[in-house]
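Data block below; observations after.
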Amino acid sequence: MASKNKQECKEQFLEHFKMTEEDLSVIWRWFLEYGMTRGQNENKPHQCRANHYFLQEISERFTVNWKEWNKKLSPELKILVINLYPQLMVKNYDFEWL
Numbered sequence: 309m310a311s312k313n314k315q316e317c318k319e320q321f322l323e324h325f326k327m328t329e330e331d332l333s334v335i336w337r338w339f340l341e342y343g344m345t346r347g348q349n350e351n352k353p354h355q356c357r358a359n360h361y362f363l364q365e366i367s368e369r370f371t372v373n374w375k376e377w378n379k380k381l382s383p384e385l386k387i388l389v390i391n392l393y394p395q396l397m398v399k400n401y402d403f404e405w406l
């Protein structure tokens, strides 16, 4: 089986989930806001490790694992995903790039 390059994985991921480059930019902005870039931050209680890893996997590896992370996501992020990207409420490693 030939390995895919990152761009191929990204294109297939976007097509499968009916997303655009702008949608991935939104996910990345959420990662910066809701993920943990310097450990737990008392001033931003909506940041947590689950948010960080869930969004990082999507942004960098094109994998989605809602089943593993959803119970640990912050309520703020969970609402955003449910309302804006419900197609990401799955477990899918078909487009993984490493």
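Residues in the sequence shown are numbered consecutively from 309, following the numbering used here. Glycine is no exception: its CB is placed at the ideal position from the N, C-alpha and C atoms. The model shown is predicted, which means the values in this text are computed figures rather than measured ones.
Review point. Which of helix, strand or coil does DSSP assign to M309?
Key: The sequence position of residue 309 within the sequence shown is 1, counting from 1. Its pLDDT being 43, under 50, M309 is placed unreliably in this model, and the value from its coordinates should be taken loosely. Reduced to three states, the DSSP call for M309 is coil.
Check your understanding: Leaving out five residues before and five after R357 in sequence, what residues of the same chain have Cβ atoms less than 7 Å from its Cβ?
Key -> On the sequence shown, residue 357 is found 49 positions in, with the first residue counted as 1. So the list reads M344, once near-sequence residues are dropped.
Review point. Helix, strand or coil for V398 per DSSP?
Key: In the sequence shown, residue 398 corresponds to position 90, counting from 1. In this structure, V398 counts as coil in the three-state DSSP scheme.
Point to revise | Nonlocal neighbours in the same chain, by C-beta distance under 7 Å from W377, ignoring five residues either side | key: Looking up residue 377 in the sequence shown gives position 69. Excluding positions up to five away in sequence, the list reads A358, Y361 and F362.
**Study point:** With 16 other Cβ atoms within 10 Å as the buried cut-off, status of I335
**Key:** Reading the sequence shown from its first residue, position 27 is the one you call residue 335. Answer is buried; the Cβ neighbour count reaches 16.
Review point. By Cβ distance below 7 Å, which residues in the same chain neighbour L381 in space, the five residues on each side in sequence not counted?
Key: Numbered from 1 along the sequence shown, position 73 holds the residue referred to as residue 381. So the qualifying residues of the chain are A358, N359 and F362.
Review point. Which residues in the same chain have their Cβ closer than 7 Å to the Cβ of Q320, if we skip the five residues on either side of it in sequence?
Key: Sequence index remark: in the sequence shown, residue 320 carries index 12 (1-based). Taken in chain order, the residues that qualify are F403.
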